[in-house]
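Written below as structure tokens is the structure these notes are about.
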Amino acid sequence: MSGHTRRSLVLVPGALILVAAVSVLRASGPDLRVVEAVRQRDHKGLAALLLAKGDINAAAPDGATALAWAVHLGEREMADALLRAGATPNTTDGYGETPLTLACANGDGLLVQRLLAAGAALDVARWDGVTPLMLAAGAGSLDGVKALVQRGAPVNVAEPARQQTALMWAAAEGHGEVVSALIEMGADIKAVSSGGFTPLMFAVIKGDPLSVMALVRAGADPNGATPSGSRPLLVALARNNTAAALALLDSGALTTAVDRTGNSPLHLAAQQGNLTLVNALLAKKMDPNILTPTATGATSAGGGRGAGAARGGGGRAGGARGGGARGAGAGAQTPLMMAAKADHEEVMRTLVAAGADPTRRADDGSNLLMAAAAGARLKTFKYAYELDPHVDVVTTTANATIMHAAVTQNGRTQPEVCEVIQFLADHGAALDELDAAGRTPIVAADSLPVDQAVDLLTKLITDRGGKPKIASVR
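Right under this line is the structure:
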């Protein structure tokens, strides 16, 4: 529906004025009085025009008819009146829409049934190849889906651009009842979109446990990987889709899978601060001290970013992220380190209670406290200090101190960064050492920039009777 049809008159309810205007309207083009009455939701005017035998199938310049407008607006009474008067249900507007596709897109199962009863054709598709069944499935119209399939709509047709089926559309929008119904109607649970995504992956991306369970019960593989290697459980964890992840765990998803940067499910849940999933994974006997792979040329705990996204099939489902949530960092990291960096104290306490070792070091020599310094706020940082009070740690690869990590914000405000810096200074941490790149914490803070950290470090160094090795460039 374009909404750009030029109006030839201002409509006033009532048969006399509408009928009297017929000569003016017809002189300027098609008789669009019926279209205009529907657009204005003028029920009395439409009734009068139907009695006066107005042109019920006239189309506006964009091809939209009165019936199309009635369906688009959800005006069931108007649509019924037009159908009883003989309006054709099979007109196509300039955008490839028919009354049936409009009803399906609205999720109006009742209008879908009425249009089909009036002879609406099933073998229609929009300009992009999307079928009425896909639209009804995506809108969650169970009645509409049933009516279409009962009339003979093919269940497993895929639209040409992304090769997505009606089952994928329903799963991508989280319509579990429709997913179950389509499966019963013969929908292919193993169909694959052009992006390599199955219906199960679309359901996982949406985070709908009902769709996930329905698909797995029907035989979908909870461990099936996309071409990029993303697995359903890892996608659910990376997107923090708790209900979907729990459904997958209950359905046999393996906890041994890792993402492209080597993060296990427990690492991802710890990064997200998802205590529910951390507990669920620990209940599945995951090792609380599981390590990410040893990295070549690892960065310090204060730097680095996570792997890129494993892109999905596009369209209705969007992208499925298979990488880490906060950043890869050095190799050989524990879930406890990741929870500390992401400022999740409750998760840290849960991991420690399950046996997580706070004294472990990453493969660059960074410790738990350095991980916390790179992202935790003061309350969580103090807990990390209780577990591992070594403020003198220096990384083996970058020669970075804990203060180099502390100047990064990672979601913190500048005052929050300064609280951690002050705590470290109060507990004897080095303030002004050079890393392997010749940068001091002041230089690192300058380049970010974290101006308040620069000011605080300058003051702390001065208070200790020193002078910054490299002054701020501000």
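Heads up, the working numbering is the position in the sequence shown plus 605, with the first residue counted as 1. Don't be surprised by glycine CBs; every beta carbon is placed ideally from N, CA and C. Note that this is a predicted model, so its numbers are computed, not measured.
Distance, residue 672 Cα to residue 693 Cα = In the sequence shown, the residue the question calls residue 693 occupies position 88. In the sequence shown, the residue the question calls residue 672 occupies position 67. So the two alpha carbons sit approximately 8 Å from each other.
Contact check, residue 827 vs residue 776 under 8 Å by CB: the rounded distance?
-> If you number the sequence shown from 1, residue 827 lands on position 222. If you number the sequence shown from 1, residue 776 lands on position 171. The pair is not a contact, with the Cβ atoms about 14 Å apart (cut-off 8 Å).
What do you get for residue 656, buried or exposed, if any count of 16 or more other CB atoms within 10 angstroms of its CB means buried?
-> In the sequence shown, the residue the question calls residue 656 occupies position 51. That one is exposed.
From what residue to what residue does the alpha helix (DSSP H) around residue 842 run?
-> Stepping through the sequence shown from its first residue, residue 842 is reached at position 237. Run containing residue 842: 837 to 843, per the alpha helix (DSSP H) assignment.
Near residue 738, which residues of its chain fall below 6 Å by C-beta distance, leaving aside the five closest residues on each side in sequence?
-> Here residue 738 corresponds to residue number 133 of the sequence shown, with the count starting at 1. If we look at residue 738 and ignore the five residues flanking it on each side, its Cβ neighbours are 753, 758 and 771.
Nearest-angstrom Cβ-Cβ length linking residue 838 and residue 893, presumed shorter than 8 Å = For the purposes of this step, residue 838 is taken as residue 233 along the sequence shown, with counting starting at 1. For the purposes of this step, residue 893 is taken as residue 288 along the sequence shown, with counting starting at 1. The Cβ separation is near 18 Å, so there is no contact.
Name the residue from 1045, 853 and 684 whose alpha carbon lies nearest to the alpha carbon of residue 1078.
-> Against the sequence shown, residue 1078 aligns to sequence position 473. Closest by alpha carbon: 1045.
Hey, residue 643 and residue 680: beta-carbon distance below 8 Å or not?
-> Here the question's residue 643 lines up with position 38 in the sequence shown. Here the question's residue 680 lines up with position 75 in the sequence shown. In contact: residue 643 and residue 680 (Cβ atoms closer than 8 Å).
Identify, in the order they occur along the chain, each residue of the same chain with its Cβ nearer than 6 Å to the Cβ of residue 1153, setting aside the five sequence neighbours on each side.
-> Because the chain here runs from 606 to 1079, residue 1153 falls outside it and cannot be looked at.
Going by CA-CA distance only, name the one from 714, 807, 670 and 683 that's closest to residue 698.
-> The residue labelled residue 698 in the question sits at position 93 within the sequence shown. Nearest C-alpha to residue 698: 670.
Applying the criterion that 16 or more other CB atoms from any shown protein chain within 10 Å of the CB defines a buried residue, is residue 741 buried or exposed?
-> Position 136 of the sequence shown, counted from the first residue, corresponds to residue 741. Buried.
The stretch 959 to 973 / the stretch 1011 to 1023 touching (three or more Cβ pairs under 8 Å) = no
Pull up the DSSP beta-bridge partners for residue 964, would you.
-> Here residue 964 refers to the residue found at position 359 of the sequence shown. Note: residue 964 sits in no beta bridge, so no partner.
Rounded straight-line distance, which links the Cα of residue 873 to that of residue 867 = To locate residue 867, count along the sequence shown from 1; it is residue 262. To locate residue 873, count along the sequence shown from 1; it is residue 268. Approximately 10 Å between the Cα atoms of the pair.
Using a threshold of 7 Å, is the CB atom of residue 1010 nearer than that to any non-hydrogen atom of the ligand SAM?
-> The model on display carries no ligand, and the ligand SAM is accordingly not part of it.
Beta-carbon gap between residue 708 and residue 716 smaller than 8 Å = Residue mapping note: residue 708 aligns to position 103 of the sequence shown, counting from 1. Residue mapping note: residue 716 aligns to position 111 of the sequence shown, counting from 1. In this structure, residue 716 lies closer than 8 Å to residue 708 by Cβ.
In whole angstroms, what separates the C-alpha of residue 1168 from that of residue 1054?
-> What the structure shows of the chain is the stretch from 606 to 1079, and residue 1168 is not part of that stretch, so it cannot be assessed.
Evaluate contact between the stretch 951 to 967 and the stretch 1024 to 1032, counting only Cβ atoms and requiring at least three cross-stretch pairs below 8 Å.
-> no
Is there contact here, the stretch 781 to 795 with the stretch 730 to 737, by at least three beta-carbon pairs under 8 Å?
-> no
Coil, strand or helix - residue 1063 by DSSP | Walking along the sequence shown from the start, residue 1063 turns up at place 458. Note: residue 1063 maps to helix in three-state DSSP.
With a CB to CB cut of under 7 Å and the five nearest residues on each side skipped, what residues in its chain are close to residue 768?
-> Within the sequence shown, numbered from 1, the residue matching residue 768 stands at position 163. Cβ within range, chain order: 798 and 799.
Nearest-angstrom Cα distance between residue 785 and residue 746?
-> Position 180 of the sequence shown, counting from 1, holds the residue named residue 785. Position 141 of the sequence shown, counting from 1, holds the residue named residue 746. Their backbone Cα atoms lie some 13 Å apart in a straight line.
Report yes if the CB atom of residue 948 is closer than 8 Å to the CB atom of residue 985, and no otherwise.
-> Locating residue 948 in the sequence shown gives position 343, counting from the first residue. Locating residue 985 in the sequence shown gives position 380, counting from the first residue. Yes, the pair counts as a contact, with Cβ atoms nearer than the cut-off.
Excluding five sequence neighbours on each side, which residues of the same chain lie with their C-beta closer than 6 Å to the C-beta of residue 764?
-> Here residue 764 refers to the residue found at position 159 of the sequence shown. Within the same chain, residue 764 has close Cβ partners 734 and 735.
Out of 991, 937 and 983, which has the shortest C-alpha to C-alpha gap to residue 966?
-> Taking the first residue of the sequence shown as 1, we reach residue 966 at position 361. Closest by alpha carbon: 937.
Starting from residue 649, follow the alpha helix (DSSP H) in both directions and report where the run begins and ends.
-> For the purposes of this step, residue 649 is taken as residue 44 along the sequence shown, with counting starting at 1. Element bounds for residue 649: 648 to 656.
State the beta-bridge partners of residue 999 as determined by DSSP.
-> As a position in the sequence shown, residue 999 is number 394, starting the count at 1. Its beta-bridge partners are 1006.
Is residue 847 near residue 871, with beta carbons less than 8 Å apart?
-> Position 242 of the sequence shown, counted from the first residue, corresponds to residue 847. Position 266 of the sequence shown, counted from the first residue, corresponds to residue 871. No; because the gap between Cβ atoms is not below 8 Å, this pair is not in contact.
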